[in-house]
Amino acid sequence: MVPPSVYKPIKDNIFLLREKNYQTWERFFFKQKIQEQQHGELTETRDVIIQSWNRCKQYEDLHPLIPGSVKNISNEQLKEARVKNNFYHLAQPVLKKATEELSFTRHAILFCDADGTILDCYGDCSLLRKLGNISNVNNGAQWSERWAGTNAIGTSILLQQPVQIFSSEHFAHGCHDWVCSSAPIMNPLTNELIGVINLSTTAPNFNPLSMMKTIEIANQIERIFFRSNYQAYELMQSVYIEAISKWKHQTVILCNRNGSILKASSELPVDQLDSIIGRIIENNHQSEKTEWEEEVILQGSLFQVKFKKICWHYQFLGLIAIMEKKIKSSQPIGKQNFHAKYSFQNLIGKSEAFKSVLHTAKIAASGDSNVLITGDSGTGKELIANAIHQASSRSDYPFIALNCAAIPKDLLPSELFGYVAGAFTGANPKGSIGKFELANKGTLFLDEIGDMPLEAQVQLLRVIQEQEIIRIGDKTRIPIDVRIIAATNKNFSEEIQLGKFRKDLYYRLNVIPIELPSLQQRAEDIPLLAEYFVRKLTLKNRKGPYQITVEAMEYLENYSWPGNIRELENVIEYAVTFSENGVITPMNLPRDIKPQQKQLKEPTQMNPVNQAELDWILSALKQSNMNVSEAAKELNMSRSTVYRKLNRMGYDIKFLK
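Taking our numbering, the leading residue of the sequence shown gets 1, the next gets one more, and so forth.
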């Protein structure tokens with residue numbers, strides 16, 4: 001039961017909080033860049049707000065003095081958005097009931113799609129007029145962070161979790177009179193974001209229960225959506241099972257309407273298939289045809305794939321893909337699998353550092369110059385090399401990779417240039433073709449080239465200059481046409497100074513330099529990469545689905561990642577292995593990453609919302625005689641949520657007992 005005191009407006013505290021946040025907002029945007037202050041000047045402004053402000057400062061066309069949203073869609077687009085989001089009609093009874101319940105509280109209820117577009121507004125009419133006139137809170141207004149800055153709707157979409165924004169925490173000055181609470185609406189069958197519910201009111205009218213009410217409305221809509229769509233979900237499962245029994249000797253794939261692979265009858269390279277099928281769905285989802293066939297290149301081999309749409313009540317749910325037969329490559333035996341495995345579409349990231357690398361790599365792909373990729377181990381140098389080749393004019397020809405550090409220095413020349421029969425003791429009596437010949441007309445990727453011995457460097461330089469090779473033990477010159485992409489984790493300036501690498505060879509290779517950032521430098525890509533590795537393991541293990549909790553993701557984002565992307569992939573595999581019931585928590589992470597026991601902070605200087613929530617939880621625990629299970633049931637939370645909230649606010653249940 002909620003303590004009566006929680007229902008009282010906390011006017012004095014909210015105005016104090018508003019004033020402190022306004023001072024921080026003003027310093028941040030107009031006076032100085034906020035850094036760590038010494039005397040606790042920023043303790044009232046939450047990290048989530050500062051992080052959002054930093055994101056919003058990157059948008060040059062957004063200014064903190066804007067009234068609110070700066071973008072609207074047309075009435076025609078709004079109608080289309082309402083039709084497209086089939087849950088819009090399902091949610092109407094819930095929203096009307098919530099409007100009645102809140103009729104005397106001066107709240108506005110905003111119902112948005114997954115992009116942050118307001119589909120409909122409900123609640124107090126005078127408040128809605130005020131919101132509309134001052135801050136553009138109108139149907140069709142776009143309230144993502146991109147178009148409105150820090151706000152409950154947009155920030156909730158980005159974080160995919162409930163968010164409450166108080167007055168001056170808003171990016172837009174025109175929103176500083178408002179307190180807004182938002183909760184994401186998730187598809188319970190696919191865990192995809194489908195919309196957002198927002199409760200907004202004026203600061204003097206703030207009620208600490210508004211966040212809980214927002215979550216309650218979102219949960220009600222999710223339950224209705226589940227009941228309505230469960231039949232559709234069962235239909236997709238039955239179509240998949242039927243397809244497996246019908247095409248026993250082929251690979252059968254089940255995808256949702258966004259192209260994400262839900263199930264597959266055999267292990268597949270999920271990263272490539274996701275992008276391929278997503279593109280095919282995008283090109284065909286509005287087509288009237290329900291079945292068609294296409295040729296798909298996968299890991300250098302050509303497949304004939306039959307696609308079948310799955311529809312329910314005229315709604316496109318997804319499709320079944322049957323990889324019916326493999327078509328033999330026209331290339332000679334021994335070369336047909338020498339293809340790049342990854343394209344630019346397979347590369348994952350949205351950070352500025354990643355986008356910069358992608359931009360340079362695409363320019364490199366449009367030409368034919370040699371490329372030198374540098375970066376720490378595990379940053380994805382081979383992936384970039386693959387993508388450059390795949391997007392280049394040489395993509396129909398082989399992509400050959402050689403790790404220079406993995407070959408004994410005496411054998412490296414024979415690996416690169418090949419040899420004739422009897423060239424040296426222990427050689428293949430028939431001779432061997434070298435990597436340069438195999439890569440003819442294509443791309444040769446020389447990984448760890450910084451470890452190449454000086455003797456081999458001299459030979460490589462000559463081949464680059466003369467565009468021909470001589471096999472070991474032979475005198476015949478063989479013309480070659482090969483593009484070289486080299487990679488290293490070494491500092492070439494130091495290597496050249498130490499005499500370990502030839503300066504003239506460096507200049508030949510470093511025509512287009514690409515420096516890859518560490519994972520720590522592209523921290524905002526960690527959630528995307530982690531989710532990708534989870535999906536990859538789900539298909540590989542044929543188990544799951546797995547879900548990473550918000551807390552576990554926070555630890556992943558805050559870790560330094562000395563091993564970069566490769567280390568992240570290994571950590572996710574570890575976490576999946578030790579997870580229970582498909583949920584990855586901080587305790588499933590390896591020792592180096594999971595949190596150490598920290599001394600709990602004193603529950604001081606708590607903002608009004610946290611204080612109200614704490615009072616609510618403590619009251620429930622007291623009434624249940626400290627029985628966490630009973631208290632959680634009363635609070636409509638899981639036991640783990642109760643523990644997490646108490647821990648976050650500085651309370652340990654063991655000491656409370």
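We put the beta carbon where it would ideally sit given N, CA and C, even for glycine.
This structure is a prediction, so every number in the text was calculated from the model and none was measured.
Check: How is the beta strand (DSSP E) around I514 delimited, first residue to last?
Finding: From DSSP, the beta strand (DSSP E) with I514 extends over 512-515.
Check: Which residues in the same chain have their Cβ closer than 7 Å to the Cβ of W53, if we skip the five residues on either side of it in sequence?
Finding: F28, T150, F171.
Notebook entry, point to check: Comparing alpha-carbon positions, which option in L358, M212, P398 lies nearest L383?
Noted result: L358
Check: Who are the near neighbours of D113 in its chain, counting only those whose CB is closer than 7 Å to its CB and skipping five residues on each side?
Finding: A81, N85, L119, G195
Check: Between A365 and Q345, is the Cβ-Cβ spacing less than 9 Å?
Finding: No; because the gap between Cβ atoms is not below 9 Å, this pair is not in contact.
Check: Which whole runs of the alpha helix (DSSP H) in the stretch 443-487 are 4 residues long or more, in chain order?
Finding: 454-466
Checklist line | Cβ-Cβ separation, A552 to T585 (assumed contact under 8 Å), whole Å | finding: 5 Å
Check: When you compare only the Cα positions, how much space is there between L347 and K355?
Finding: Cα atoms of L347 and K355: separation of roughly 10 Å, rounded to the nearest angstrom.
Next item on the list: Quick one: grab the DSSP three-state call for L347.
Entry: coil
Notebook entry, point to check: Excluding sequence positions up to five away, which residues of its chain have a Cβ less than 6 Å from the Cβ of V252?
Noted result: A243, I244, S265, I322
Margin query: Does N570 come out as helix, strand or coil in the three-state DSSP assignment?
Written below: helix
Notebook entry, point to check: Taking the alpha-carbon positions, what's the N491 to V371 distance?
Noted result: 16 Å
Next item on the list: Pick helix, strand or coil for S392, following the three-state DSSP scheme.
Entry: coil
Check: Beta-carbon separation of N581 and G380 under 9 Å?
Finding: no
Next item on the list: Measure the alpha-carbon distance for S679 versus E554 and round it to whole angstroms.
Entry: Nothing about residue 679 can be read from this structure; the chain reaches only from 1 to 657.
Next item on the list: From the DSSP output, read off the bridge partner residues of Q315.
Entry: W312
Next item on the list: With DSSP as the reference, please indicate the residues paired to E531 in a beta bridge.
Entry: DSSP output for E531 lists no bridge partner at all.
Next item on the list: Classify S659 as helix, strand or coil using the three-state DSSP reduction.
Entry: Absent from the structure is residue 659, since the part of the chain shown begins at 1 and ends at 657.
Notebook entry, point to check: Nearest to W25 by CA position, among W178, L62, H173, M587, is which residue?
Noted result: Ranking W178, L62, H173, M587 by Cα distance to W25 puts H173 first.
Next item on the list: Indicate whether I687 and P67 have their beta-carbon atoms separated by less than 9 Å.
Entry: Nothing in the structure corresponds to residue 687, since the chain is present only between 1 and 657.
Checklist line | Beta-carbon spacing of N440, P398 below 9 Å | finding: yes
Note to self: Nearest by alpha-carbon distance to P545: which of Q497, P517, S260 is it?
What the structure shows: It is S260.
Next item on the list: Sort H107, N191, T105, I109 by Cα distance to I548 and report the nearest one.
Entry: Cα-wise, what sits closest to I548 is N191.
Note to self: Using the three-state DSSP reduction, which class does L158 fall into: helix, strand or coil?
What the structure shows: helix
Note to self: Give me, in chain order, the residues of the same chain whose beta-carbon lies closer than 7 Å to that of G123; leave out the 5 immediate sequence neighbours on both sides.
What the structure shows: Cβ-Cβ distances below 7 Å link G123 to T99, L102, H107, A108, I109 in the same chain, with the five nearest sequence neighbours on each side left out; the list follows chain order.
Margin query: Here's the rule: buried if 16 or more other CB atoms are within 10 angstroms of the residue's CB, otherwise exposed. What is H39?
Written below: At H39, the pLDDT of 39 sits below 50, so the modelled position is not reliable and the matter cannot be decided from this model.
Next item on the list: Work out the CA separation of C255 and F316 for me, nearest whole Å.
Entry: 11 Å
Item checked: Given 8 Å, three or more beta-carbon pairs between the stretch 500-513 and the stretch 400-409 -> no
Check: Between the Cα of F87 and the Cα atoms of I221, I373, G378, which residue gives the shortest distance?
Finding: I221
Checklist line | Sequence-distant residues of its chain with Cβ nearer than 6 Å to E36 (five each side left out) | finding: Note that E36 has pLDDT 44, beneath the 50 cutoff, so the model's placement of it is unreliable and the number below is only indicative. Around E36, the same chain offers no residue with a beta carbon nearer than 6 Å, after the five sequence neighbours per side are excluded.
Notebook entry, point to check: For the alpha helix (DSSP H) that contains C56, what are its first and last residues?
Noted result: 47-57
Check: Taking all protein chains shown into account, do 16 or more other C-beta atoms lie within 10 angstroms of the C-beta of K723, making it buried, or fewer, making it exposed?
Finding: In this structure the chain extends from 1 to 657, so residue 723 is not present and cannot be described.
Next item on the list: Would you list the one or two residues that DSSP bridges to L254?
Entry: K263, I320
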